[in-house]
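Working notes, beginning with the structure itself.
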Amino acid sequence: MFLYPRKYLRTIQLGIKSLMLHKMRSLLTMLGIIFGVSSVISMLAIGEGASYEAREAIKRLGSTNIIIESVKPPEDQDSSSEGNSFVLEYGLTYDDVLRVGTTVPAVKAVLPMRIIREDVQFASAKRQCRVIGTLPNYLQSQSEEMALGRFLTDNDLRYQDNVCVLSGRLAENLFPYQDPLNHAVKIRSHYYRVVGVLGQVPLRQREGTAAELDPRSWEHEVIIPLSTARSRFGENIIRRTSGSTSAERVQLHRIIVQMNGTEVVEEAAGAIQTLLNRFHKKRDYELTVPLRLLRQAEETKRIFNIVLGSIAAISLLVGGIGIMNIMLATVTERTREIGVRRALGARRRDIVVQFLVETVVLTIGGGIAGVALGVLIPTVVSHLRDIYTIVTPWSLIIAFGISALVGIVFGIYPAQRAANLDPIEALRHE
Amino acid sequence: MSGTPIVCLEDVVKTYVIGDVEVHALQGISLSIAEGDYVAIMGTSGSGKSTLLNLLGCLDRPTSGRYLLGGSDVSQMNDDQLSAIRNQRIGFVFQSYNLLQQLTVLENIEVPLIYQDCHPRKSRERALMLADRVSLNDRLHHRPRELSGGQQQRVAIARSLATDPLIILADEPTGNLDSKTEQEILDLIDQLNDEGKTIIMVTHDDHVAERAQRVVRLKDGVVDVIHETTSTRA
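Residue numbers (this note's numbering), protein chains in the order written: chain B, 447 to 876; chain F, 30 to 263.
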């Protein structure tokens with residue numbers, strides 16, 4: 447029998463006919479599956495969207511990177527009593543860069559960065575920016591691209607040139623109507639020639655969860671050669687706050703250590719930590735490993751998926767029980783039909799197949815409608831609220847597959863019951 | 030009476046166990062029915078009439094004894110084999126027609142053919158032919174509930190002929206019909222018999238039984254008397 451597809455086709459046609467005999471009942475039965483499947487798909491889509499955003503944000507920090515940042519150490523007696531010199535000295539040093547670069551294995555690049563907050567001015571436009579002094583290989587470590595012009599070069603560094611690269615957003619702000627290349631912007635009292643513009647905010651244009659997670663996506667940035675930064679701004683940063691003056695001496699604000707591959711990141715992070723601890727008495731730095739964050743995000747996602755999976759399983763279970771209930775009622779109602787079919791030559795197997803096909807048609811029909819609704823809901827949600835959603839193909843396949851499986855599992859018992867009816871009894875049934 | 034016996038019951042016993050009580054429905058029935066025969070089975074309720082019909086229809090197996098249908102011993106067959114036998118060798122006509130409500134006239138006639146894996150085109154051809162045979166060609170795509178009782182019974186008769194069975198088992202085929210329609214249906218059955226079909230009909234109506242060539246009267250699970258009718262038909 448399994449060799450005859452046309453017989454299957456007939457059985458399916460028959461199943462649909464029998465279901466059409468009670469349209470309302472069939473529809474209501476399907477609803478359980480429709481809502482089960484669609485809620486699974488849309489929940490997964492919303493979850494996937496959220497975790498995608500988080501992962502993208504972390505990825506932009508670079509999964510092979512280790513980020514070390516200078517932090518102001520907690521104020522302790524030591525530093526305040528010590529100070530007839532008002533200058534608080536802390537943070538990462540050029541020596542740290544050298545040490546990390548020479549002692550930690552599998553390091554691809556060590557990127558020192560000075561980050562100073564300054565106003566950047568062109569004509570009458572003025573924006574608060576992060577001025578970053580760094581090396582030419584900064585670009586590769588940031589997975590960003592040039593939109594215009596070029597990035598910094600070794601020559602810029604060697605000659606301490608007054609050149610700069612603008613972030614895309616800043617370029618738009620300062621030069622709304624012009625090509626920014628080769629114009630000079632003013633930072634503090636010096637002018638810098640714009641040689642390049644970085645790509646647009648790569649993740650997404652609008653502000654969302656990911657954008658908030660990563661401050662760089664909303665802050666304006668100007669990138670200048672590290673040597674230039676050193677000579678133009680010096681190492682002292684003087685801040686005047688409400689009558690008192692505080693000064694800090696920080697050599698480097700951030701060091702990005704780029705590793706050869708993700709597999710060495712964890713080990714290297716440990717090594718760097720040990721290395722820095724030896725030379726920094728105070729906790730004046732902070733180590734961030736994006737890969738760790740990424741793993742955490744993935745773990746969170748896994749738990750999220752398990753929770754969703756359980757909810758999905760429960761809702762489909764409920765749908766399945768609903769179907770079984772209806773099918774049992776149907777079998778009782780159609781006992782006579784079963785008797786007649788048996789008398790006319792239907793084998794037990796034929797009866798099983800007939801009722802199973804009906805159940806599967808119900809669940810697959812519900813599954814298809816559920817998939818359609820499940821694709822629609824995230825789209826609507828994305829439009830109404832600022833929530834990013836991704837409908838992954840596998841979630842459709844899984845939801846659909848499970849609904850078909852539910853049909854088979856919950857259809858077998860009623861079908862078996864139908865097949866095992868005594869034909870004589872069944873024929874006599876009113 | 031002519032032809033070889035196609036139904037042959039040899040000392041058939043059927044005993045039911047209901048709770049602790051044994052019910053001896055049939056207590057040794059021997060009967061032989063030849064091809065082309067027209068037999069009426071009569072008897073009061075409780076005489077074993079329905080049990081005999083169920084056995085003849087291969088819906089049940091005898092407790093002991095042998096039942097040969099068209100040469101094969103049915104009494105030892107399993108469920109699947111019995112299904113196949115019912116499908117190929119027996120045409121059922123029921124008192125309450127027992128058509129499938131979700132199917133049209135044509136589709137109802139085709140049902141036995143579907144269980145034979147008959148090609149759809151062939152089964153459709155055969156169904157059309159049979160619908161024509163019972164003069165329902167203007168009702169082909171109606172559902173049973175849109176038909177009168179007589180029409181429904183004609184569909185049932187067409188269905189019973191679908192697989193060209195050895196015997197037609199009719200269980201009070203006119204029990205639900207008025208006398209005019211009863212005539213129509215009985216005439217149709219007569220015609221089938223004239224064409225060589227073997228008919229076994231259960232009835233409790235004497236004037237219906239009169240149309241048969243032989244009447245088998247059952248009493249308390251045994252054959253009471255078999256008599257030939259003075260059939261008015263040729």
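Virtual Cβ for every residue (Gly too), placed ideally from N, Cα, C.
query                                                                                                           : result
B/R563 burial status per 10 Å Cβ neighbour count (16 or more: buried)                                           : exposed
Reduced DSSP secondary structure (H/G/I, E/B, other) of B/M705                                                  : strand
Beta-carbon proximity list for B/T539, same chain, < 7 Å, skipping 5 on both sides                              : Q697, L698
B/I512 vs B/G816 beta-carbon contact at 8 Å                                                                     : no
Chain F residues whose Cβ lies nearer than 8 Å to that of B/P869                                                : L88
Whether F/T92 touches F/K43 by CB criterion (8 Å)                                                               : yes
Residues that F/V140 contacts on chain B, provided the C-beta gap is smaller than 9 Å                           : V786, R787, L790, G791, A792
Length-filtered (3 minimum) beta strand (DSSP E) runs lying within the region 162-213 of chain F                : 196-200
Closer than 8 Å to chain B by CB, F/N116                                                                        : yes
Delimiting residues of the alpha helix (DSSP H) encompassing F/L132                                             : Run containing F/L132: none; DSSP gives neither H nor E here.
Best match in B/G765, B/E591, B/S828 for proximity to B/V491 [C-alpha to C-alpha]                               : The amino acid at residue 491 of chain B is misidentified as Val; the sequence shows Ala. Considering only alpha carbons, the answer is B/S828.
Three CB pairs or more closer than 8 Å across the region 803-822 of chain B and the region 764-777 of chain B   : yes
Interface residues of the region 822-833 of chain B facing chain F [CB-CB below 7 Å]                            : none
Contact set for F/D253: own chain, Cβ-Cβ below 7 Å, skip 5 residues either direction                            : R246, L247
Neighbour flag for B/R456 against chain F, beta carbons, 8 Å                                                    : yes
Whether F/N116 touches F/T192 by CB criterion (8 Å)                                                             : yes
F/L128 versus F/Q242: straight-line alpha-carbon distance, rounded                                              : 29 Å
Short CB-CB distance (under 8 Å) between B/R863 and chain F                                                     : no
Environment of B/Q651 [buried if 16+ CB atoms lie within 10 Å]                                                  : For B/Q651, the pLDDT reaches just 40, beneath the cut-off of 50, and the residue's location in the model is therefore unreliable, leaving the point undetermined.
Cross-strand partners of B/A569 (DSSP beta bridge)                                                              : According to DSSP, B/A569 bridges with nothing at all.
Under 7 Å from the C-beta of F/Y144: neighbouring residues of chain B                                           : L790, G791, A792, D796
Whole alpha helix (DSSP H) elements within the region 496-526 of chain B, 4-residue minimum                     : none
Three-state class that DSSP yields for B/N583 in the structure shown                                            : coil
For F/H53, the residue or residues it bridges with in DSSP                                                      : F/T44
Own chain partners of F/P194 with C-beta closer than 6 Å, once the 5 adjacent residues on each side are dropped : R118, I119, G120
Test: F/A113 CB closer than 8 Å to a CB of chain B                                                              : yes
Of the listed residues B/L740, B/E876, B/N619, nearest to B/A503 (C-alpha basis)                                : B/L740
is_contact[F/Q130, chain B] using C-beta, thresh 8 Å                                                            : yes
B/L581 classed as buried or exposed, judged by whether at least 16 other C-beta atoms fall within 10 angstroms  : buried
Inside the region 55-119 of chain F only - alpha helix (DSSP H) runs reaching at least 4 residues               : 78-85, 108-118
Beta-carbon spacing of B/S673, B/L603 below 8 Å                                                                 : yes
Where B/I633 sits in the DSSP three-state scheme                                                                : strand
Test item: CB-CB of B/L851 and B/I702 under 8 Å                                                                 : no
Rounded straight-line distance, which links the Cα of B/I848 to that of F/C87                                   : 41 Å
Under the three-state DSSP convention, the category B/Q651 falls into                                           : The predicted position of B/Q651 is uncertain, since its pLDDT is 40 and thus under 50; a value taken from the coordinates is nonetheless stated next. In this structure, B/Q651 counts as coil in the three-state DSSP scheme.
For F/T73, the nearest candidate out of F/T259, F/C37, F/D234, F/E257 (CA to CA)                                : F/D234
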